[in-house]
Amino acid sequence: MASFLFFAAVKGFGFCGIFGKRRNTSSRFSWSLFLGVSGMEDKFRNLNFDPRSIPLRHLQTIGLACAAYAQTEDHLQMAIAGCLGVDAELGWAVTSHMTAPLRENVLKSVAEIKLDDLDDLDKLDELIELVGKAAEKRNNIAHNLWCTDERTREVFVVKTSARGSVRADMIPMPLPKLREDAGFIYEAGIELFRFLMAKNLIPALPSADRPRFHKTKAARKKRIKT
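The numbering of the sequence shown is the numbering used here, which starts it at 8 and goes up by one.
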C-alpha cells in the first residue's frame, strides 16, 4: 500500500484528506498526486475520483458485494430469531437496529443456550468469524473512496484512518480481487444459511392472521375513545 505524502482538500465535495501536490484542472474530480512508494522512484499519478469513471465491471461487482452483504446480514438476523425460537417478524423487531458486532455477540449468547452439541457451537463460531471477515471486506468496498488512474486505468480505493495518527493508503483493487471479495461475502452468508437449515433454526414466517397494524401509535391515536 502506498501512503500519500501531501495534504489538500477537495473543495465543495465534502471530503478533506486527499493528499495531493497540484490540481489537474482538466477534470473537476481529477488530482495529480505525488506518491512516495517505498523502494520505488517518486512519481505523480493523475487520479480521477469521479465514481462515474470507475469501469462498468467494477461497478457491477461493487453492487454485487453490497447486495450479498445485505443477504448475509439477513441470515445473521435469521440465526438470532431461530435460536430465540421466534418467527421472522419478531426477529426483525429485535435485530433490525443492532450493529453487526452486536448481532454477532447476541447470536453467540443465544446459541450457547439453544444448542447442546459442542461441535455445533464450534462450527457456529467459525461461521460467525467468516461473517465478521465478510463485513470487513464489505466495509472496504462500501466505505472508502474509489478512484482510477487516468493514464493506466488502474482502480484503487483510498482508505483513511485517524486512530492516534492520521494515515491514508491507496490500495489497488483489480477486478479479480474485487470479485474474490464479493464471492467471499456471498459464501459467508450462504454457509451460515446452510447451517441454520441443517439445525432446523430457520425462523417461521409470521402468521397471516396476526392483526397488529391497528396497534401502531398512529392507529391508536385515530381510534374513537368512549
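Note that the Cβ used here is the ideal one computed from N, Cα and C, for glycine as well.
Residue i versus residue j - alpha carbon distance
{"i": "F202", "j": "L131", "result": "8 Å"}
{"i": "W153", "j": "A95", "result": "36 Å"}
{"i": "G190", "j": "T68", "result": "10 Å"}
{"i": "K224", "j": "W99", "result": "18 Å"}
{"i": "A107", "j": "V117", "result": "15 Å"}
{"i": "M85", "j": "P210", "result": "6 Å"}
{"i": "D216", "j": "L83", "result": "26 Å"}
{"i": "E194", "j": "Y76", "result": "10 Å"}
{"i": "N53", "j": "R174", "result": "20 Å"}
{"i": "E136", "j": "N112", "result": "11 Å"}
{"i": "T159", "j": "P62", "result": "12 Å"}
{"i": "D57", "j": "E157", "result": "11 Å"}
{"i": "E161", "j": "K140", "result": "25 Å"}
{"i": "S103", "j": "L114", "result": "14 Å"}
{"i": "G196", "j": "Q78", "result": "7 Å"}
{"i": "L212", "j": "L97", "result": "10 Å"}
{"i": "E187", "j": "R110", "result": "25 Å"}
{"i": "R219", "j": "N55", "result": "51 Å"}
{"i": "D126", "j": "L134", "result": "12 Å"}
{"i": "R230", "j": "M105", "result": "32 Å"}
{"i": "I3", "j": "A74", "result": "Since the first residue of the chain shown is 8 and the last is 233, residue 3 is not available in this structure."}
Residues that residue i bridges to, as DSSP identifies them
{"i": "F163", "result": "C154, P179"}
{"i": "A169", "result": "V173"}
CB contact check: residue i to chain B, cutoff 9 Å
{"i": "I192", "result": "As a matter of chain content, chain B is missing from the structure shown, which is built from one protein chain."}
Coarse secondary structure for residue i, derived from DSSP in three states
{"i": "A215", "result": "coil"}
{"i": "K184", "result": "helix"}
{"i": "L208", "result": "coil"}
{"i": "G196", "result": "helix"}
{"i": "R145", "result": "helix"}
{"i": "R201", "result": "helix"}
{"i": "R227", "result": "helix"}
Near the ligand NAD: residue i beta-carbon under 8 Å from a heavy atom
{"i": "P183", "result": "This structure lacks the ligand NAD, and indeed carries no ligand of any kind."}
Okay, do the stretch 143-155 and the stretch 164-171 touch, 3+ Cβ pairs below 8 Å being the bar? yes
Go through the stretch 43-128 residue by residue and report every complete run of the alpha helix (DSSP H) that reaches 4 residues or more, in order. Fully enclosed alpha helix (DSSP H) runs of 4 or longer: 63-91, 95-102, 107-121.
Hey, is the stretch 114-132 in contact with the stretch 84-91, meaning 3+ C-beta pairs nearer than 8 Å? yes
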